[in-house]
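Student:
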Amino acid sequence: MTSGLFIYFFLALHLKSMHRYSVVAADVNEDVKIEVLFLPENCTQKSGKGDLVNAHYDGYLAKDGSKFYCSRSVKDGHPQWFVVGVGQVLKGLDVGMLGMCPGEKRKLTVPPSLAFGAKGKAPVPPNATVIFEVELYSVSRGPRSLEAFKEMDLDQDKSLTEEEIRTYLKSQDLKNTGKTKEENFYDGVVKDVLLRNDADRDGTLSVKEYNVYGHDEL
Ligand SMILES: [Ca+2]
Ligand SMILES: [Ca+2]
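For reference, each letter of the sequence shown is one residue, going -25 to -1, 1 to 193 in mature numbering (1 follows the signal peptide of the UniProt record, and there is no 0).
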């Protein structure tokens, strides 16, 4: 994942209500079999192509059920961030994770052509159908915006502290799901955001660090 994505996350959340659209996964690709294991009562927004999502996913071989990947056991077990539908992840995940609600769990059965192909990729053997169990935590969309930075920058000193980022993330969760997550969830996200974007390592994000795609007007 590139460093820009984390930043993208913030404003994407900010603009989500302005860009509501839905994608029915079954319409996108018939080859990924999608089974919904859990659907939350309230679905604030569904994932669409180009959205930044935060998810855990486990991969299994269809033939014997053996697990070949577990996002809970890599990168300190933090849920993975990626943009869905644009080729950052396996095609099967790209199409199988569209139209998904935060909190939703799915089982995706992915044919080899949309997974690791004829060659496979160790430990996945050639021509393997794989199964992913996916749990989606959040969906965010929209371009990064100056408005989002300003909204996060509570004391308007043109830099974002850990606390300002944490407060923003919590407020978004509260708005989207009516509750906040456990503190250690935010610890992990804030740590990652700074690790990836705090270029001068002063513990805060400047407008420039935040604006990795550049906004000349700042
Ligand atoms: Ca500030
Ligand atoms: Ca900094």
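From the three backbone atoms N, C-alpha and C, an ideal C-beta is built for every residue, glycine too.
Quick check on DSSP: helix, strand or coil for residue 123?
Tutor: Secondary structure at residue 123: helix, using DSSP grouped into helix, strand and coil.
Student: What did DSSP end up calling residue 152 once you bin it into helix, strand or coil?
Tutor: helix
Student: DSSP has residue 134 in a bridge; who is on the other side?
Tutor: 181
Student: Quick one: does the C-beta of residue 128 sit closer than 8 Å to a heavy atom of ligand 2?
Tutor: no
Student: In angstroms with no decimal places, state the Cα-to-Cα distance between residue 191 and residue 22.
Tutor: The pLDDT assigned to residue 191 is 38, lower than 50, so where the model puts this residue is not dependable, and the model offers no usable value.
Student: Which residues bound the beta strand (DSSP E) around residue 29?
Tutor: 27 to 36
Student: From residue 130 to residue 106, what does the alpha carbon distance come to, in whole angstroms?
Tutor: 47 Å
Student: Taking contact to mean 3 or more Cβ pairs, one atom from each stretch, closer than 8 Å, check whether the segment 23 to 34 and the segment 53 to 61 are in contact.
Tutor: yes
Student: Looking only at C-alpha atoms, which of 68, 134 and 76 sits nearest to residue 175?
Tutor: 134
Student: For residue 170, which beta-bridge partners are listed by DSSP?
Tutor: Answer is none; residue 170 lacks a bridge partner.
Student: Can you check the segment 40 to 74 for any beta strand (DSSP E) of at least 3 residues that lies completely inside it and give the ranges in chain order?
Tutor: 42 to 45 and 55 to 58
Student: At a cut-off of 8 Å, would you count residue 132 as near ligand 2, judging by its Cβ distance to the nearest heavy atom?
Tutor: no
Student: For residue 185 and residue 172, I'd like the C-alpha separation in whole angstroms.
Tutor: If you draw a straight line from the Cα of residue 185 to the Cα of residue 172, it is about 7 Å long.
Student: Could you spell out where the beta strand (DSSP E) holding residue 111 opens and where it closes?
Tutor: It spans 105 to 115 - the beta strand (DSSP E) in which residue 111 sits, taken as one unbroken run.
Student: Quick one: what does DSSP say residue 82 is sitting in, helix, strand or coil?
Tutor: strand
Student: Can you look up residue 5 in the DSSP assignment and give me helix, strand or coil?
Tutor: Unreliable positioning characterises residue 5 in this predicted model, as indicated by a pLDDT of 48, which lies under 50. A coordinate reading is not provided.
Student: What I want to know is whether the C-beta of residue 136 ends up closer than 8 Å to one or more non-hydrogen atoms of ligand 1.
Tutor: It does: the Cβ of residue 136 is within 8 Å (strictly closer) of some heavy atom of ligand 1.
Student: Tell me residue 96's beta-bridge partners as DSSP assigns them.
Tutor: 99
Student: Given this structure, state the Cα-to-Cα distance separating residue 128 from residue 139, to the nearest angstrom.
Tutor: 6 Å
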